[in-house]
Structures are given as structure tokens and as C-alpha cells.
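K.L.:
In my numbering, the protein residues as written are 195 to 361.
For each residue, glycine too, the CB sits at the ideal point set by N, CA and C.
Every value quoted in this text rests on a predicted model; they were computed, and no experiment measured them.
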Amino acid sequence: MESLRVALGERSYPIHVGSGILDATALYAPHLPAGSAAVVTNQVVAPLYLPRVKKALEAAGARVAQVVLEDGEHSKRWTSLERVFDALLAARCGRDTLIVALGGGVIGDLAGFAAAIYQRGVALLQVPTTLLAQVDSSVGGKTAINHVQGKNMLGAFHQPRAVITDV
195 MESLRVALGE
205 RSYPIHVGSG
215 ILDATALYAP
225 HLPAGSAAVV
235 TNQVVAPLYL
245 PRVKKALEAA
255 GARVAQVVLE
265 DGEHSKRWTS
275 LERVFDALLA
285 ARCGRDTLIV
295 ALGGGVIGDL
305 AGFAAAIYQR
315 GVALLQVPTT
325 LLAQVDSSVG
335 GKTAINHVQG
345 KNMLGAFHQP
355 RAVITDV
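1) Reducing DSSP to helix, strand and coil, say where D280 ends up.
2) Sorted by chain position, which residues of the same chain lie with C-beta nearer than 8 Å to L216's C-beta, five sequence neighbours on each side aside?
3) DSSP state of Q313, grouped into three classes?
4) Am I right that E264 and Q237 are in contact with their C-beta atoms under 8 Å? What's the rounded C-beta distance?
5) Among the candidates Y312, R205, I339 and S197, whose CA atom is the shortest distance from the CA of I301?
6) Would you tell me roughly how many angstroms separate the C-alpha atoms of G288 and S213, rounded to the nearest one?
7) Taking A259 and A232 to be in contact with their CB atoms under 8 Å, please state how far apart those CB atoms are, rounded to whole angstroms.
8) By Cβ distance, which residues of its chain are closer than 8 Å to E196, with the 5 residues on each side in sequence left out?
9) So the alpha helix (DSSP H) A220 belongs to, where does it begin and stop?
10) In this structure, does DSSP put Q237 in helix, strand or coil?
11) For G297, does the three-state DSSP call read helix, strand or coil?
12) Label K270 either buried or exposed according to how many other C-beta atoms from any shown protein chain fall within 10 Å of its C-beta, with 16 as the threshold for buried.
13) In terms of residues, what are the limits of the beta strand (DSSP E) holding A350?
14) Pull up the distance between the alpha-carbon of I293 and that of A309, whole angstroms please.
15) Can you tell me the Cα-Cα spacing of R355 and V342, whole angstroms?
16) Drop a sphere of 10 angstroms on the beta-carbon of V329, count the other beta-carbons inside from all chains shown, and report buried for 16 or more, exposed for fewer.
17) Taking buried to mean at least 16 other C-beta atoms within 10 Å of its own C-beta, is S274 buried or exposed?
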């Protein structure tokens, strides 16, 4: 495994890149101070990777909620964001919850924006599953959802605590 550091002062974070690291409990554990996590993913990625990520989070001591959305750009909208918030509230997720974005750019943007505004901001972990998300959208902290009047019209900057890139 290789680790890089995005240097942003107190908002700095590591990018971990390696083969088979999706299951590495040690990469999740430092970001779970209260033991609560919510994985946001889509219906294509969920059967492939959700069980492994959930198992790693649980091994780190987390109580894990999950939200599985439809795949595609059409999911990057307010109604999907409400589904995420409904799941977080139903699971009694507090300010100390870690939101895990497991998927491509749409999931990373949506989950990142949810993390930026849920209870005025909670921790985010990016676990990109597409090449474009691994090299672009998971890094930099830009998060957004679409509006009927345009793409990425509602958003915020919210840096992740870490990026876990399993190649």
C-alpha cells in the first residue's frame, strides 16, 4: 500500500492506494471515535463491495447504517439526499458519525454534500470505485447535487478524513 498526503493544514488527509485494502480495518478505525458509520452507495456497487466495507467497519467497532441508491446521474438530486438524511436519522446518527461514500463520482458528491450539511457537518471517508472518482472527484473536497436548473448547483467544500482507493 502507498499513502499520499493532501497538505491542507488542519484539513489535511491521507490517500491510501493499494490492492485489497478495502477490507483493511486499520484504515477505517481512526475515523470512528464514536463507533457510528453510515455507508452511502448505489445498487450496482452494493452487491460488489458493501459487505466487505461493512465488515471492516464493524470489525473496527462501528454500528453501521447503510443507504443504497439508484445508480446514475439522476440520483444526484435533493430526493436522494433526503433518503440519506432519513436513514441517518432513523439510525440515530449524531454529529460523531462517519459517512462513507462507496462508489463513483455521483455517490462521492452526494454523500460528501450530505456529510457537509448533516448536523452542520460530519466526517467523510471517500472509497471511490471508478477510475475517474479515484483520480479526480474523491480528492479536493468539492461536493454537490444537481438542481433542475443545472448540474452541481447546490454544494459545499468538505474535505474527507481519508480516501481509500483499492486497485
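P.N.:
By the coordinates alone:
1) helix
2) Y243, R246, V247, A250, V321, I358 and D360
3) helix
4) 6 Å
5) I339
6) 32 Å
7) 4 Å
8) H210, V211 and G212
9) T219 to Y222
10) coil
11) strand
12) buried
13) G344 to F351
14) 6 Å
15) 31 Å
16) exposed
17) buried
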